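There are 2 protein chains.
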Amino acid sequence: MDAETRALERPVDHKREVRLWLRLLTCTTLIENEIRRRLRRDFDVTLPRFDLMAQLEKAPDGMTLGEVSRRMMVSNGNVTGLVERLAAQGLLERAPNPSDRRATLIRLTPEGRRNFARMARAHEGWVAELFAGLSPPQGETLMDLLARAKHSAAAACE
Amino acid sequence: MDAETRALERPVDHKREVRLWLRLLTCTTLIENEIRRRLRRDFDVTLPRFDLMAQLEKAPDGMTLGEVSRRMMVSNGNVTGLVERLAAQGLLERAPNPSDRRATLIRLTPEGRRNFARMARAHEGWVAELFAGLSPPQGETLMDLLARAKHSAAAACE
Numbered sequence: 001m002d003a004e005t006r007a008l009e010r011p012v013d014h015k016r017e018v019r020l021w022l023r024l025l026t027c028t029t030l031i032e033n034e035i036r037r038r039l040r041r042d043f044d045v046t047l048p049r050f051d052l053m054a055q056l057e058k059a060p061d062g063m064t065l066g067e068v069s070r071r072m073m074v075s076n077g078n079v080t081g082l083v084e085r086l087a088a089q090g091l092l093e094r095a096p097n098p099s100d101r102r103a104t105l106i107r108l109t110p111e112g113r114r115n116f117a118r119m120a121r122a123h124e125g126w127v128a129e130l131f132a133g134l135s136p137p138q139g140e141t142l143m144d145l146l147a148r149a150k151h152s153a154a155a156a157c158e
Numbered sequence: 159m160d161a162e163t164r165a166l167e168r169p170v171d172h173k174r175e176v177r178l179w180l181r182l183l184t185c186t187t188l189i190e191n192e193i194r195r196r197l198r199r200d201f202d203v204t205l206p207r208f209d210l211m212a213q214l215e216k217a218p219d220g221m222t223l224g225e226v227s228r229r230m231m232v233s234n235g236n237v238t239g240l241v242e243r244l245a246a247q248g249l250l251e252r253a254p255n256p257s258d259r260r261a262t263l264i265r266l267t268p269e270g271r272r273n274f275a276r277m278a279r280a281h282e283g284w285v286a287e288l289f290a291g292l293s294p295p296q297g298e299t300l301m302d303l304l305a306r307a308k309h310s311a312a313a314a315c316e
């Protein structure tokens, strides 16, 4: 296919947006892989497990499995196995749901909360280190533009 | 733990960086999930498979499995199964490596390139749609700040 045919087939060029998306993805993957590596190295913990505990930590009264999945943006099936393992280790417990008897709530045990607090402290330091090259105003601008990108994407999803 | 003890244990507060990281992650996951959903819906294709074909498309002479894994930022094991399936469908082929006889090269077949071109065209339109809420100058600024974040993170990884 020569350049002219290609131009006719692709009347509007969206290379700019694709480059932006690839950079966003690369940046996120780089940071995520490094956090994954350090969680494994220092706490022998997987990233999905850390993420699940982080969600539960925000809801002391508990959450349904469905809520957790939505917040983690993964399927229910992916969460079920994690929940089983954390429960077996005494870091998570089931509690009755006052508003719906069929949907049990899950929440961290006191031991689970202590365990998570140690990891969260280290995680906070790592994240600060990974973003150290951005000044506070640059960080603010990045926050704003990501909010805009998020709303734009959310609107296109509907 | 009361507020004072907590403040002593956490002399520097990095909540700002953690919020930035969570927003970056949410934004990426949102877009990634939507692209995954549309690839499945319109082409019955998984995202890792699309990503692998996108890498191979850039290297007409072929790439080693190791190179592909590095570029996709995943493990060799994750790529091997994908390669087998694409080869079985005639979309990918193995080629001898002139510089190292032990490391075979993999590359798209002509049918693989045609197949990928159709998906890439749709993908480009989706990405443009998902980022439509950002003006061109906002897109440029976001590109610059993400480059900065990427370099910052890469430096912290070493």
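Those protein sequences? They're chains A and B, same order as listed.
Quick note: the first sequence uses this note's numbering, first residue 1, plus one each step.
Quick note: the second sequence uses this note's numbering, first residue 159, plus one each step.
Cβ coordinates follow ideal geometry from the N, Cα and C atoms, glycine included.
From a predicted model like this one, the values you see are computed outputs, not experimental measurements.
Counting only Cβ pairs nearer than 8 Å, list the residues of chain A close to residue i.
i         : result
Met-301/B : Arg-19, Leu-20, Arg-23
Thr-267/B : None at all; the shortest Cβ gap to chain A is about 17 Å.
Let me make sure I understand the geometry here. Which of the options has the alpha-carbon closest to that of residue i?
i         : options                                    : result
Asn-255/B : Thr-222/B, Arg-271/B, Arg-279/B            : Thr-222/B
Asp-302/B : Phe-116/A, Ser-99/A, Arg-19/A, Trp-126/A   : Arg-19/A
Glu-57/A  : Asn-115/A, Ser-75/A, Val-79/A, Glu-84/A    : Asn-115/A
Ile-264/B : Asp-219/B, Arg-195/B, Pro-295/B, Glu-190/B : Asp-219/B
Ala-154/A : Gln-247/B, Glu-251/B, Phe-289/B            : Phe-289/B
Quick check: the Cα distance between residue i and residue j, rounded to an integer number of angstroms?
i         : j         : result
Leu-249/B : Arg-228/B : 21 Å
Glu-129/A : Arg-102/A : 44 Å
Arg-113/A : Glu-34/A  : 24 Å
Asp-169/A : Gly-66/A  : Nothing can be reported for residue 169/A, as the shown portion of chain A is limited to 1 through 158.
Asp-51/A  : Ala-95/A  : 20 Å
Val-241/B : Thr-262/B : 12 Å
Leu-108/A : Val-79/A  : 14 Å
Asp-42/A  : Cys-315/B : 15 Å
Ser-135/A : Ser-293/B : 23 Å
Met-211/B : Trp-179/B : 29 Å
Leu-197/B : Thr-184/B : 20 Å
Val-232/B : Gly-291/B : 31 Å
Glu-32/A  : Pro-48/A  : 11 Å
Ala-87/A  : Ala-120/A : 20 Å
Leu-146/A : Ala-117/A : 28 Å
Gln-213/B : Ala-280/B : 17 Å
Arg-36/A  : Glu-175/B : 17 Å
List, in chain order, every chain A residue whose beta-carbon is nearer than 9 Å to that of residue i.
i         : result
Phe-274/B : Within chain A, no residue comes near Phe-274/B; the closest Cβ sits about 13 Å away, beyond 9 Å.
Arg-243/B : Chain A residues near Arg-243/B: none, gap ~22 Å exceeds 9 Å.
Using 8 Å for Cβ pairs, my map puts residue i next to residue j. What's the rounded Cβ distance?
i         : j         : result
His-309/B : Val-127/A : No, His-309/B and Val-127/A are not in contact; Cβ-Cβ is about 16 Å, not under 8 Å.
Leu-24/A  : Thr-204/B : That belief does not hold up - the Cβ atoms of Leu-24/A and Thr-204/B are roughly 20 Å apart, past 8 Å.
Ala-307/B : Leu-142/A : 7 Å
Identify the contact partners of residue i in chain B, using a Cβ-Cβ distance below 8 Å as the criterion.
i         : result
Thr-46/A  : Near Thr-46/A there are no residues of chain B at all, since even the closest Cβ is about 14 Å away, more than 8 Å.
Asn-33/A  : Met-231
Gln-138/A : Leu-303, Arg-306
Gly-125/A : His-172
Leu-30/A  : Met-231, Lys-308, Ala-311, Ala-312, Cys-315
So residue i contacts chain B; which residues on that side make the cut at Cβ distance below 7 Å?
i         : result
Ser-75/A  : By Cβ distance, chain B contributes nothing, its closest Cβ being about 11 Å from Ser-75/A, past 7 Å.
Ser-152/A : Leu-288, Phe-289, Ala-290, Gly-291, Leu-292
Could you list which residues in chain A have their beta carbon closer than 7 Å to that of residue i, in chain order?
i         : result
Leu-240/B : What Leu-240/B touches in chain A: nothing, since even the nearest Cβ is about 17 Å away.
Under the rule that 16 or more other beta-carbon atoms within 10 Å means buried, what is residue i, buried or exposed?
i         : result
Gly-77/A  : exposed
Glu-111/A : exposed
Glu-298/B : exposed
Using a Cβ-based criterion (distance less than 6 Å to any ligand heavy atom), does residue i qualify as near the ligand NAP?
i        : result
Leu-39/A : Here there are no bound small molecules, and the ligand NAP is not part of this structure.
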